[in-house]
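A quick write-up on the structure given underneath.
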Ligand code: AMP
C-alpha cells in the first residue's frame, strides 16, 4: 500500500499518518521529520535546509528529493508507506511518479485532510514538540501526562521555530499556493478522497481509513 496524506500544517496530518501507517502495517515517511534530523546533525545540507524551514518556505526540491529517494530505497519501505509532507508541489509530485514508475509501483490512494485557516492558526499555537523524539502534543486537546514534559522520553517540550505565528502565516500561504493544487492533480487520476479534519483523533483516523478503502475499491 502506497499512500499520501495531504493537508495544511496543523491539519493533524503527522499524527494521523503515524496512526494510518500502524493500522496498515506500513512505514510512516515524513519529509519534515527527515529534514529536522538532518538539521539537528548540522551537516552542510542541514544548515541549508534550516534557513528555509525557519522562514516557513519549502526546502529546494533537489535536496528533498535526494533525501526522499534515499529513504524509499530502504528495505522497510518495500511493503508500502504513508507519505506525510510530500509531495508539496507539482514538480515533487511528478518526480514521485517517476520514482514509482522506476520501481514498478503505483500509488494506491491520496487523502486530503481539510480544516479552516482559523483552526490551523489556533492548533499550531497550542502545539508543543519534543526536541528529542519529535513527538507533538496539542496542549488543549491531547496534552502530555505531565505538564510540558514528553511522555516518551521526559524531555521538556518546546514550541517548534516554525510554529511561531509569522512563520505559520507563510507556511499557510505556501500550502495554498503550491500544495493545494495537488488535490486536483490526484483527483483527475481518481486517486483522491477528501475528509474533514474535525472531531476526535479517533474519528479522523476512522474517516481516513475509510477513505483509503473507498479509493482502493474504485
Ligand atoms: P512539516 O513537518 O511537514 O510541516 O515540514 C516542516 C518544514 O520542512 C516545511 O515548512 C518545509 O520548510 C520543510 N519541508 C518538509 N517537507 C518538505 C517538502 N516535501 N518539500 C520542501 N520542503 C519541505
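In the numbering used here, the protein residues as written are -16 to 201.
Idealized CB from N, CA, C, for every residue including glycine.
From a predicted model like this one, the values you see are computed outputs, not experimental measurements.
Nearest to residue 60 (by Cα), restricted to the options 9, 78, 75: Taking the chain shown and counting its residues from 1, the one referred to as residue 60 is at position 77. Looking from the CA of residue 60, the closest CA among 9, 78, 75 belongs to 9.
Buried or exposed (CB count within 10 angstroms, at least 16 for buried), residue 176: Locating residue 176 in the chain shown gives position 193, counting from the first residue. Flag for residue 176 reads buried.
Residue interval of the alpha helix (DSSP H) (run including residue 99): As a first step, residue 99 must be located in the chain shown, where it is residue number 116. First-last for residue 99: undefined, no H or E at that position.
Cα-Cα separation, residue 50 to residue 200: Here the question's residue 50 lines up with position 67 in the chain shown. Here the question's residue 200 lines up with position 217 in the chain shown. Using only the alpha carbons, I get a separation of about 32 Å.
Whole-angstrom distance between residue -10 and residue 97, CA atom to CA atom: Within the chain shown, numbered from 1, the residue matching residue 97 stands at position 114. Within the chain shown, numbered from 1, the residue matching residue -10 stands at position 7. So the two alpha carbons sit approximately 6 Å from each other.
N- and C-terminal bounds of the beta strand (DSSP E) containing residue 203: Outside the displayed span of the chain (-16 to 201) sits residue 203, for which this structure offers no information.
Run of the beta strand (DSSP E) containing residue 75, from where it starts to where it stops: The residue you call residue 75 lines up with position 92 of the chain shown. Careful: residue 75 lies outside any beta strand (DSSP E), inside the alpha helix (DSSP H) at 73 to 85.
Burial state of residue 190, where buried means 16 or more other Cβ atoms lie within 10 Å: The residue labelled residue 190 in the question sits at position 207 within the chain shown. So residue 190 ends up on the buried side.
Expected contact under 8 Å - CB spacing of residue 119 and residue 110 to nearest Å: Here residue 119 refers to the residue found at position 136 when the chain shown is read from its first residue. Here residue 110 refers to the residue found at position 127 when the chain shown is read from its first residue. The pair is a contact, with the Cβ atoms about 6 Å apart (cut-off 8 Å).
Cβ-Cβ distance between residue 87 and residue -15 below 7 Å: Numbered from its first residue, the chain shown carries residue 87 at position 104. Numbered from its first residue, the chain shown carries residue -15 at position 2. No; because the gap between Cβ atoms is not below 7 Å, this pair is not in contact.
In chain order, each alpha helix (DSSP H) run of at least 4 residues that lies wholly inside the stretch 12 to 44: 14 to 23, 27 to 37
Rounded straight-line distance, which links the Cα of residue 38 to that of residue 150: Mapped onto the chain shown, residue 150 falls at position 167. Mapped onto the chain shown, residue 38 falls at position 55. Those two C-alpha atoms are separated by around 6 Å.
Extent of the continuous beta strand (DSSP E) to which residue 188 belongs: For the purposes of this step, residue 188 is identified with residue 205 of the chain shown, where counting begins at 1. Boundaries for residue 188: no beta strand (DSSP E) harbours it, while the alpha helix (DSSP H) harbouring it runs 184 to 200, taken from the DSSP string.
Cβ shell of residue 128 (< 8 Å), same chain only, five flanking positions each side left out: Counting from one through the chain shown, the residue named residue 128 turns up at place 145. These residues qualify, in order along the chain: 134.
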